[in-house]
Each structure stands twice: as structure tokens, then as C-alpha cells.
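Numbering (full-length UniProt numbering), first residue to last: 1 to 214.
Presented below is the structure to which this report refers.
What follows is the structure, encoded as C-alpha cells:
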């Protein structure tokens, strides 16, 4: 199982260079996750929310910190059509192999980067009326459809990950990336189940707990 440190994990500043510096060489942390947008100047910057009139960390700055490391970076794209910019930026220093893309990702890129796209199932599934929960029948149908499009890894909230969905994914030979799992027992349970990736805000806390139990 890959363990991803959610932006701001373990009380580090969200979408910051301090966050990247803290986790870049931590044994047991496979991936760090940041939120990516494009500013009015055309630069990729780190922010979960819509941009305000202030300075933001540039993705290029973060990639420099990760240069020479083996840790991977999940760029959670908060806007459409950012994939080519991320690719070009990462390619400058031969870092593309370290990149995952999730969030607002076009299926058109599956033919080129099937292993690096974490496809958000929630983007395709209908809701049950006004309920915050989705239509599980539709979710299973969309899961099969995404597999036909070439998806390899399905990204979704762990709250929506059910036994039925797990069985369907297994039938289709799809892997799952679950977010944001902050119960340490749940992380361990997903690890035992062989989940491809778990994203958490308690990454180091989880690793430290596992070390104590060894």
C-alpha cells in the first residue's frame, strides 16, 4: 500500500514548502499531495480554494525541493486543463515519473498516462436526490465504464468505498486510492486489504504507531 500524506498532514502548513520539506525524506511516506491551480500569470500554484490577491507557493518551487528524492507527488488539480502544464513543468527536471494527477483530470490522458492518473469516481456518479450519498448502482456502472476507458486506479472518498464497490473493482482488475482516512485503525484495515493507496492527514502518526506495535 502507498501511504500519501495529505496536504497539511501532521499539523504542517497546507500546500507549503515546509510541508514538502518535512515529508520528502520520511521513510514509509510514499507520496505527498498538494492542490494545484493556475494563477493569472499562467503559473501553477498551490491552493485548495479559489485564488485571492496574495502570493502562493509555485509548483516549480516544490518540484525543486523534491528533486533527487524518490517520493511521489499527487497533484490534485482544482481546475480543468492543467495536465499539460504539470507534465511540461515536471519534464524539465525529469520528474514526471514521480507525478500522479487526481481531481479535475480529463480521461483523454488515460491513453498516455494510465498508471499516473487517479480517476475520481465522484466526478461521474449521480446523487440520490438531495442526499449527500451517491447512487451505488450508478457508481458500479460508472466503475465498469471507467475501466473500459482505460482507468487503472480509482480515487474516491473512503466513506463511499463499500463491499459491493470493492467486489466490482476486483472483477474489473481496478485498484483503489482512498481519501481522506484519518482513523488509524481504518488505515491499517485498508493496508491489510491491499488497497493501492490511502491518503491521510495523520501519516507520520500512523507510521509511528505501527513502529510501536512491532
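Just so you know, even glycine gets a beta-carbon here, dropped at the ideal spot from N, CA and C.
Tell me which same chain residues have a C-beta within less than 8 Å of the C-beta of residue i, skipping the five on either side of it?
i: residue 164; result: 136, 140
i: residue 205; result: 10, 184
i: residue 81; result: 106
i: residue 124; result: 142, 145, 146
i: residue 181; result: 158, 187, 190, 198, 199, 200
i: residue 237; result: Here the chain comprises residues numbered 1 to 214, so residue 237 is not present and cannot be evaluated.
i: residue 162; result: 136
What are the start and end residues of the beta strand (DSSP E) that includes residue i?
i: residue 196; result: Run containing residue 196: none; DSSP gives neither H nor E here.
i: residue 30; result: Element bounds for residue 30: n/a, residue is neither H nor E.
i: residue 4; result: 2-5
Where does the unbroken alpha helix (DSSP H) through residue i begin, and where does it stop?
i: residue 83; result: 83-92
i: residue 21; result: 17-23
Between the beta-carbon of residue i and the beta-carbon of residue j, is there less than 8 Å?
i: residue 105; j: residue 83; result: yes
i: residue 85; j: residue 38; result: yes
i: residue 102; j: residue 76; result: yes
i: residue 160; j: residue 177; result: no
i: residue 89; j: residue 119; result: no
i: residue 121; j: residue 142; result: yes
i: residue 203; j: residue 5; result: yes
i: residue 16; j: residue 35; result: no
i: residue 28; j: residue 207; result: yes
In chain order, what residues of the same chain lie with their CB nearer than 7 Å to the CB of residue i, ignoring the 5 residues before and after it?
i: residue 20; result: 32, 62, 65, 66
i: residue 12; result: 18, 19, 22
i: residue 2; result: 30, 31, 196, 197
i: residue 24; result: 65, 66, 69, 71
i: residue 216; result: Only positions 1 to 214 of the chain appear in this structure, which leaves residue 216 out of reach.
i: residue 126; result: 134, 135, 138
i: residue 8; result: 14, 19, 201
Could you name the residues of the same chain whose beta carbon sits closer than 6 Å to that of residue i, not counting the 5 residues immediately before and after it, in chain order?
i: residue 93; result: 67
i: residue 175; result: 153, 196
Margin query: Check whether the stretch 106-126 and the stretch 152-163 touch, using three or more Cβ-Cβ pairs below 8 Å as the test.
Written below: yes
Margin query: With three or more beta-carbon pairs closer than 8 Å as the criterion, would you say the stretch 91-98 touches the stretch 67-79?
Written below: yes
Notebook entry, point to check: Of all the alpha helix (DSSP H) runs that stay within the bounds of the stretch 144-187, which reach a length of 4 or more residues?
Noted result: 163-171
Item checked: Every unbroken beta strand (DSSP E) inside the stretch 50-124 [3 residues or more] -> 72-77, 99-103, 118-120
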